[in-house]
Amino acid sequence: MDYSQFLAMRQEIGLLIVFLLVFLYDTFMPKKALNATAGFTTILFLLFTVASFIWGNIGDVDAFAGMYSTSGVCSMIKNILNVGVLIVLIQSCRWANGELMIMRRGEFYELLLVTLFGMYLMISARHFLLFVIGLESASLPLAAMVAFDKNRYESHEAAIKYMLTAVFSSAVFMMGLSFVYGLSGSLYFHDIALQLGSSFNTTLVVALAFVIAGVGFKLSLVPFHLWTADVYQGAPTSVTSYLSVISKGAAAFAFLVILVQCFGQFYSMVWEWMLYALIIATITIGNLFAIRQKNMKRFLAFSSISQAGYIMLGIVGCNDMGLAAMMYYILVYIFSNLAAFGVIGAIENQTGKVEMTDYNGLSRTNPWLACSMMLAMFSLAGIPPFAGFFSKFFIFTSAINQGSVAIYILVLIALINTIISLYYYLLVVKAMYISPDEPQIANFRSASSERLGLWITVGGIVALGIVSFFYDSIMEAASGSALFAFIG
Amino acid sequence: MELTMIYYLIPSLIMFCCGVYGFITRRNMIAILISLELMLNAVDINFVVFNRFLFPGEMEGMFFTLFAIGLAAAETALAIAIIINVFRVSNSIDVRDVNKMKH
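Sequences listed follow chains A and B, in order. Here the first sequence is numbered in the numbering used here, starting from 167 and rising by one per residue. Here the second sequence is numbered in the numbering used here, starting from 26 and rising by one per residue.
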């Protein structure tokens with residue numbers, strides 16, 4: 167065996183080293199040193215993020231007989247996820263150092279790094295066995311993380327709901343896989359595409375529907391979204407922010423890879439239409455339910471459902487531009503959503519309030535928090551100077567480039583939904599700035615880690631749209647990808 | 026009588042459908058977990074049968090099944106741990122009682 171193949175997995179191995187160091191630190195250091203676990207993990211992860219930016223990209227390499235593959239795009243999406251995880255780590259510092267967490271904060275970081283490792287495998291897997299292992303190790307520890315607030319009942323309720331739906335979805339997914347295996351005789355993405363040829367087969371439609379349903383659960387696309395609101399509300403805020411951006415981004419990319427690499431030749435015959443239906447339902451229903459939410463975390467859960475629909479628009483285009491637009495959308499979404507969750511987390515840590523009415527008059531007592539929240543809402547809604555506008559612009563453009571009448575209608579529906587979404591995002595801004603009620607939350611100074619996280623995310627919201635470097639480098643990585651060779 | 030592939034596939038499909046039915050209708054969390062196990066085992070049977078009858082030259086399906094069994098065990102262990110936690114805070118493992126967040 168050629169051991170130099172392991173060099174292709176350098177990002178995974180780097181992450182594994184970070185995980186082991188955190189694990190050893192947590193296990194063997196004296197009790198006093200454990201107070202620094204949060205800082206230790208964050209700095210270690212920062213070093214890893216920088217290193218992976220510098221040395222992570224090694225071009226197109228297949229390793230382990232084609233089971234694992236990395237390319238410029240794969241290392242790019244991993245770097246994007248790293249940035250998101252870094253922000254989550256910074257924002258969760260205060261919560262992790264809280265009184266209730268003292269005994270278990272090391273476990274939180276370990277579980278988080280393991281789920282990230284699973285997502286790396288999902289992104290780079292080119293064999294379904296590796297993919298399923300990645301999917302499970304990305305979703306099982308997350309269930310334990312959701313149940314982390316031992317003293318809050320909602321945390322357990324959210325965890326059991328997440329766990330049962332996650333297992334159900336992976337059973338459905340694997341059932342689809344078994345039919346794919348029966349039809350093609352292989353689990354390699356490449357071999358599946360070759361063996362299936364372009365002969366149409368009814369069993370294939372069933373198999374594909376099962377596979378799409380399985381991944382759709384992870385992405386919370388609409389017929390499979392029912393767990394999302396409860397889990398987001400019940401989980402600790404740090405875990406919710408992780409769940410809503412990082413795991414969604416990884417699953418979206420993996421979804422694209424599976425669809426175009428295994429089933430690319432059935433694009434116009436089978437799954438293009440399935441995706442149209444899913445996208446329309448996801449965006450519309452996510453938006454309509456977001457309007458009537460009173461709890462901020464629940465509200466952001468439905469907002470994230472509709473954002474997942476927009477991310478899917480990058481897949482239906484099925485070209486390099488769509489891939490670039492999707493990755494850019496994920497990057498911008500990470501920054502915007504984490505800014506919103508940063509404010510929610512800061513306020514929840516201080517006062518324990520998460521209802522939307524609690525935010526009435528926030529701008530008078532805590533102008534900086536209100537301002538960050540407003541920028542996050544503007545970016546999520548897609549108002550021009552901020553990054554959210556450009557990500558929506560690119561994703562609509564890439565979809566329209568595909569050029570059929572059906573896709574024009576699809577994009578039109580998505581556009582109308584953007585206007586609807588403006589209403590509920592601005593409801594929050596209205597509560598904070600215009601509402602005449604007495605302020606519910608007294609002025610307070612948030613922890614320095616929370617302020618740092620908010621500065622980074624707000625800076626990202628402003629800079630990502632205006633500075634063209636980010637989109638250019640993503641586009642450059644995406645245009646070199648050979649992902650769309652089989653589309654037909 | 027020769028046992029062809031269909032004699033294995035139909036029971037596995039029935040198992041899968043029973044699992045889905047149980048997942049939807051059962052009210053006890055442990056029973057839901059059992060239904061999930063039924064679904065996962067139906068997947069295992071499918072993989073083994075396809076491998077044995079269609080592609081006997083290679084072992085890919087068998088290996089997938091081995092890993093799938095391991096993953097199913099991990100899932101069950103974690104789910105039971107969470108169910109125990111739920112029982113400790115609410116004294117019930119009936120899903121109708123786990124509804125505090127429904128709006």
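For glycine and all other residues, C-beta sits at the position ideal for the given N, C-alpha and C.
Counted as a single uninterrupted DSSP element, the alpha helix (DSSP H) harbouring T281 (chain A) occupies residues 271 to 290. In the same chain as S410 (chain A), and ignoring 5 residues on each side of it, the C-beta atoms closer than 8 angstroms to its own belong to Y398, L466, A467, S470, N503, F507, in chain order.
Residues V436 of the same chain have their beta carbon placed closer than 7 angstroms to that of V371 (chain A), with the five preceding and five following residues left out of the count. For M40 (chain B), the number of other beta carbons within 10 angstroms of its own is at least 16, and it is reported as buried.
Taking a cut-off of 8 angstroms on C-beta distances, the stretch 444 to 453 of chain A does not touch the stretch 33 to 49 of chain B, as fewer than three cross pairs fall below it.
At a Cβ-Cβ threshold of 7 angstroms, I510 (chain A) and M462 (chain A) count as neighbours. Under the DSSP assignment, S410 (chain A) falls in the alpha helix (DSSP H) whose first and last residues are 403 to 428.
Contact residues of the stretch 319 to 340 of chain A toward chain B are Y319, E320, H322, E323, A325, I326, M329, L330, V333, F334, A337, M340 (C-beta to C-beta distance below 7 angstroms). In this structure, DSSP gives V388 (chain A) a helical state, which the three-state scheme calls helix.
By the neighbour-count definition (other C-beta atoms within 10 Å, threshold 16), D486 (chain A) is a buried residue. If you draw a 10 Å sphere on the C-beta of W221 (chain A), you find fewer than 16 other C-beta atoms in it, and that means exposed. Under the DSSP definition of a beta bridge, E521 (chain A) partners with A:N461. Straight through space, the alpha carbons of P605 (chain A) and I108 (chain B) are spaced by roughly 40 angstroms. Collapsing the DSSP output to three states places V114 (chain B) in a helix. In this structure L489 (chain A) touches A644 (chain A) by the C-beta definition: roughly 4 angstroms separates them, less than 8 angstroms. F206 (chain A) is a Cβ neighbour of Y191 (chain A), given a cutoff of 7 angstroms.
With fewer than 16 other Cβ atoms inside 10 Å of its own Cβ, K198 (chain A) counts as exposed.
Under the 10 Å beta carbon count, G631 (chain A) is surrounded by 16 or more other beta carbons and is classified as buried. Scanning the stretch 569 to 652 of chain A from its first residue to its last, the whole alpha helix (DSSP H) runs of 4-plus residues come out as 571 to 599, 614 to 632, 635 to 645. For I57 (chain B), the chain A residues whose C-beta falls within less than 8 angstroms of its own C-beta are L330, listed in chain order. Neighbours of S115 (chain B) in chain A, taken as residues whose beta carbon is under 9 angstroms from its own, are Y319, H322, E323 in chain order.
Note on Y169 (chain A): under 16 other CB atoms within 10 angstroms of its CB, so exposed under the neighbour-count rule.
Boundaries of the alpha helix (DSSP H) harbouring Y191 (chain A): 176 to 194, taken from the DSSP string. For the beta strand (DSSP E) assignment, the uninterrupted runs of no fewer than 3 residues enclosed by the stretch 208 to 257 of chain A are, from N- to C-terminal side, 227 to 229, 234 to 236. The beta carbons of R176 (chain A) and E616 (chain A) sit no closer together than 7 angstroms. Under the DSSP assignment, A565 (chain A) falls in the alpha helix (DSSP H) whose first and last residues are 553 to 566.
The DSSP assignment places complete alpha helix (DSSP H) segments of no fewer than 4 residues inside the stretch 66 to 120 of chain B at 85 to 115, in order along the chain. Counting along the chain, G47 (chain B) sits inside the alpha helix (DSSP H) bounded by residues 31 to 50. Between the alpha carbons of A231 (chain A) and Q171 (chain A) lies a gap of roughly 10 angstroms. Closer than 7 angstroms to the CB of E514 (chain A) there is not a single CB belonging to chain B. Close to D396 (chain A), with beta-carbon spacing below 7 angstroms, are these residues of chain B in chain order: M126. Looking at the DSSP output, Y433 (chain A) bridges to nothing. Those residues of the stretch 98 to 113 of chain B placed with their C-beta closer than 7 angstroms to a C-beta in chain A are A99, E100, L103, A104, I107, I108, N110, V111, ordered along the chain. Excluding residues up to 5 positions away in sequence, L277, V405 lie with their Cβ nearer than 6 angstroms to the Cβ of M311 (chain A) in the same chain.
Secondary-structure assignment with DSSP links N53 (chain B) through a beta bridge to B:D119. Sequence-distant Cβ neighbours of K519 (chain A) in its own chain, meaning closer than 7 angstroms and more than five residues away, are I513, Q606, I607.
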